[in-house]
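Just so we're aligned, residue 1 is where the sequence shown starts under UniProt numbering, counting upward by one.
From the three backbone atoms N, C-alpha and C, an ideal C-beta is built for every residue, glycine too.
Note that the structure is a prediction, hence the values are computed from the model and not measured.
The structure appears right after this line, and notes come after that.
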Amino acid sequence: MAISNQIDCNPVVGCVSTKSTPDMIAQCLTSPASRPATTKGVSAIIPAILNAMASAYKRYQSRLALTRLSDEQLRDIGLERGHDGKVGLPRF
């Protein structure tokens, strides 16, 4: 009776084999059964990072445009140069 040294990688249980640990790790890293869970997480993180960077750049551009306005123009839209644009609760 021949013994198969094939690795079965289950996302819940993990790798089961009689091979050495480095061989098991190499097989699990290339196994299609273990990849989808990893790539879904990475593919969700990358767009989130790009969206955060895009919104930060838009805020930067808005603040840069406001610094280029004169004091009269800022007063016309209801702002003053000393305000940072954040509204807080009144202090007691």
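Residue j beta carbon less than 8 Å from that of residue i
| i | j | result |
| --- | --- | --- |
| L74 | R81 | yes |
Cα-Cα separation, residue i to residue j
| i | j | result |
| --- | --- | --- |
| Y60 | I77 | 19 Å |
| A54 | S43 | 17 Å |
| S70 | K58 | 21 Å |
| N51 | A65 | 21 Å |
| I45 | A56 | 17 Å |
| G41 | E72 | 49 Å |
Nearest residue (CA-CA) to residue i, options the options
| i | options | result |
| --- | --- | --- |
| T67 | L79, I45 and Y57 | L79 |
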